[in-house]
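Numbering-wise, full-length UniProt numbering puts 48 at position 48 of the sequence shown, and it's gapless, one number per residue.
Input: a single structure, listed below in structure tokens.
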Amino acid sequence: KEAGIVRADWGPRPKGATQLMADYKKEFRVIDDKIKTDLQLWYLADKGVSVQEELLEIMENIKYNRL
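As structure tokens, this is what we get:
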């Protein structure tokens with residue numbers, strides 16, 4: 001094992017939330033209260049599942065040397 005080696009990264013938010021922001025910025029060219037509300041509603045509906053799934057995928061990829 002080598003110390004100081006970055007094997008993976010994550011963030012700043014789950015892929016679904018990132019896509020929501022990107023689509024909104026592309027269409028409206030602004031970050032406003034509407035997208036902030038939409039993003040909060042996305043997080044409430046998701047209940048943290050996307051974060052768990054994405055981090056599990058990263059950990060499995062590291063475990064099986066796929067990263």
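Backbone N, C-alpha and C fix where the C-beta goes; we use that ideal spot for every residue, glycine too.
For residue j and residue i, believed in contact at Cβ under 8 Å, the rounded distance
i	j	result
A22	L39	The pair is not a contact, with the Cβ atoms about 12 Å apart (cut-off 8 Å).
S50	K15	7 Å
Residue from the options whose Cα sits closest to the Cα of residue i
i	options	result
R13	K26, G48 and K25	G48
Alpha-carbon to alpha-carbon, residue j and residue i
i	j	result
E57	L44	22 Å
V30	L20	13 Å
W10	D32	25 Å
Y64	V6	16 Å
Y24	A8	27 Å
A3	Q52	25 Å
F28	I35	10 Å
Beta-carbon proximity of residue i to residue j, cut-off 8 Å
i	j	result
L55	N61	no
Contacts around residue i, its chain only, beta-carbon distance under 6 Å, and the 5 residues preceding and following it disregarded
i	result
M59	none
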